[in-house]
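All remarks here apply to the structure that follows.
Numbering (the working numbering), first residue to last: 4 to 164.
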């Protein structure tokens, strides 16, 4: 009888967790810029990645670890998928559910790649993974076109404090 209660409890817990899986939404480059600018005392770490990019996927746990390390601090991590919009349902959402990402995941809804690349950084060739660190209030931006370790993420974030 007790084992039946435990099993039912686990099923309820897992189903509740599944229902709370985050919703991946679309975002334009303009919306992203507005969001960064509006965060006066918040540092934004914006990672550009894709489900098909092995180095991108490999660095995602570092962003999750950073979120946990600075929970409650003025830090917002946005994981911006550059997968095609048509891959939102068949690839991006299942990937987010499977990996259990807790940082906010968005899919960039832009058709002109060169326009959004230049707006993020004139130094960006378009290769991923790529990460933008920005603080709208301090008007400071740093851009990295490479895979970053947790230690590198932490060091760069510390330089924004």
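Where a beta carbon is used, it is the ideal one built from N, C-alpha and C, also for glycine.
Under the three-state reduction of DSSP, residue 133 is assigned to strand. In the three-state reduction of the DSSP assignment, residue 146 falls in the strand class, which pools E and B.
Bounds of the beta strand (DSSP E) holding residue 47 are 46 to 52. In the DSSP assignment, residue 138 forms a beta bridge with 46 and 143. Of the candidates 73, 92 and 142, the residue whose Cα lies closest to the Cα of residue 106 is 73. Between residue 50 and residue 158, the gap from beta carbon to beta carbon reaches 7 Å or more.
Assignment of residue 96 by DSSP, reduced to helix, strand and coil, places it in the helix class. Judged by their CB atoms, residue 35 and residue 110 are not nearer to each other than the 7 Å cut-off. Beta bridge pairing from DSSP links residue 30 with 111.
Collapsing the DSSP output to three states places residue 82 in a strand.
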